[in-house]
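Presented below is the structure to which this report refers.
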Amino acid sequence: MRVLSVATLVLFSLFALAARAADRPLIGDAKNGDKLLSAASFETRVDGAWLNRFPDDVIIEKMVRGDSGFPQIDSENVLDRWDALAALRAKNADLKDLLGGADAVLVMPTKLDEHAVARLKDQAKIPGSAIDEDRLVFGLYKTGASGLSFVGPKETKRRDKLKKDTKVGYAVFLPIPGFRGGKYEAAFAIDKDIRVLAVTVRAPDGSAPTDLNQAAARFVGKGARGQYAELKAGGAGKALGELARPLSDAFLLAAESVYMLEVDEREYFQF
Numbered sequence: 224m225r226v227l228s229v230a231t232l233v234l235f236s237l238f239a240l241a242a243r244a245a246d247r248p249l250i251g252d253a254k255n256g257d258k259l260l261s262a263a264s265f266e267t268r269v270d271g272a273w274l275n276r277f278p279d280d281v282i283i284e285k286m287v288r289g290d291s292g293f294p295q296i297d298s299e300n301v302l303d304r305w306d307a308l309a310a311l312r313a314k315n316a317d318l319k320d321l322l323g324g325a326d327a328v329l330v331m332p333t334k335l336d337e338h339a340v341a342r343l344k345d346q347a348k349i350p351g352s353a354i355d356e357d358r359l360v361f362g363l364y365k366t367g368a369s370g371l372s373f374v375g376p377k378e379t380k381r382r383d384k385l386k387k388d389t390k391v392g393y394a395v396f397l398p399i400p401g402f403r404g405g406k407y408e409a410a411f412a413i414d415k416d417i418r419v420l421a422v423t424v425r426a427p428d429g430s431a432p433t434d435l436n437q438a439a440a441r442f443v444g445k446g447a448r449g450q451y452a453e454l455k456a457g458g459a460g461k462a463l464g465e466l467a468r469p470l471s472d473a474f475l476l477a478a479e480s481v482y483m484l485e486v487d488e489r490e491y492f493q494f
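Sequential numbering of the sequence shown, starting at 224, is according to my numbering.
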């Protein structure tokens with residue numbers, strides 16, 4: 224069997240992410256959306272956890288009143304709100320690109336306990352100033368249902384259907400600590416064994432720099448449950464040299480928040 228080179232795997236990962244994005248129909252006119260956001264005095268917000276915690280139709284409703292941090296788009300034409308949403312999504316990683324075949328998403332607020340914080344400090348060697356204890360984690364499940372559903376932690380009847388054997392992985396969005404002022408964001412898709420399935424990097428202006436994302440793609444397949452050593456991506460180059468340690472730290476922070484979701488999940492199904 225022929226073994227694929229690291230470079231080939233990196234390119235495959237980048238093409239796969241691009242293909243998933245290209246396969247989705249446009250939800251609106253992002254250029255018109257930018258004009259509407261500017262008129263609403265809404266500044267660029269790169270925050271994948273905030274944007275992806277609600278389905279599109281819920282966000283459209285929130286834009287009517289400007290709820291949950293979304294801009295108020297004062298227009299009688301609902302298509303204007305879809306345009307504004309398209310502009311927001313154009314500047315953020317999209318959960319739909321990280322689903323891995325999932326059709327249900329558990330949107331779970333998590334908080335690191337003292338043991339998790341200690342592991343990150345003592346084993347991962349991440350400074351306390353870089354550790355954010357509160358983080359939103361998206362649990363991903365394949366239940367066989369049609370369409371994509373979002374489930375909250377207190378929606379017990381719906382959550383009861385998200386059994387362990389239906390889980391396909393997790394998605395986490397978080398700032399990259401220690402990298403260019405911490406203003407860049409990573410979006411991780413993580414499998415059940417806590418390995419990187421996909422990762423994208425967004426700049427503060429919402430762009431996805433090619434050099435950084437090529438470097439980030441080298442982390443695909445890295446990681447392991449309970450691992451706290453720095454991830455070794457392999458390869459060379461200026462972008463990878465600058466990004467490697469901060470992105471590894473971001474992954475370890477994301478993984479620790481995933482463990483907190485798993486603790487909550489065990490306790491939930493215990494009773």
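Where is the CB? At the ideal position from N, CA and C, for every residue including glycine.
Restricting attention to beta strand (DSSP E) runs no shorter than 3 residues, the segment 408-434 encloses them at 408-413 and 419-425, ordered along the chain. Setting aside the 5 residues that flank it on each side, Q295 is surrounded in the same chain by A263, M286, R288 and G289, each with a C-beta closer than 7 angstroms to its C-beta; the list follows chain order.
K445 and R312 have their C-alpha atoms spaced approximately 27 angstroms apart.
Our two residues, G370 and Y407, have alpha carbons roughly 31 angstroms apart in a direct line. In the DSSP assignment, T379 falls outside any beta strand (DSSP E) and within the unbroken alpha helix (DSSP H) covering T379 to R382. Under the DSSP assignment, L484 falls in the alpha helix (DSSP H) whose first and last residues are K461 to Q493. Put simply, the segment 309-323 does not touch the segment 332-339. Fewer than three CB pairs are less than 8 angstroms apart.
Here the segment 372-382 does not lie against the segment 394-409, with fewer than 3 beta-carbon pairs under 8 angstroms apart. Distances from the alpha-carbon of V301 to those of S291, P350, L322 and G251 put G251 closest. In this structure, D279 lies near L308, with their beta-carbon atoms less than 9 angstroms apart.
Per DSSP, the unbroken beta strand (DSSP E) holding V395 starts and ends at K390 to P398.
As summarised for the segment 271-336, the continuous beta strand (DSSP E) elements at least 3 residues long and confined to that stretch are 327-334, given in chain order. Annotation: the continuous beta strand (DSSP E) that includes S372 extends over S372 to V374.
Using a Cβ distance threshold of 9 angstroms, L463 and A438 count as a contacting pair. Listed in chain order, the non-local C-beta contacts of D357 below 6 angstroms within the same chain comprise K334, local neighbours out to five positions each way being set aside. Taking the Cα of R425 as reference, the smallest distance to any Cα among R418, R403 and V443 is reached at R403. Across the structure, N255 and T433 are spaced so that their CA atoms are roughly 25 angstroms apart. Inclusion of E266 and A347 in the CB contact set at 9 angstroms is not warranted, their separation being larger than that value. Under DSSP, R358 forms a beta bridge with T333. In the DSSP assignment, K365 falls outside any alpha helix (DSSP H), carrying neither H nor E. In the structure shown, F442 falls within a helical segment according to DSSP collapsed to helix, strand and coil. CA-CA distance, A339 to R276, rounds to 24 angstroms. Contact check for R342 against Y451 passes: the beta carbons are separated by less than 9 angstroms.
Here the alpha carbons of L466 and G351 stand approximately 20 angstroms from one another.
Collapsing the DSSP output to three states places D257 in a helix.
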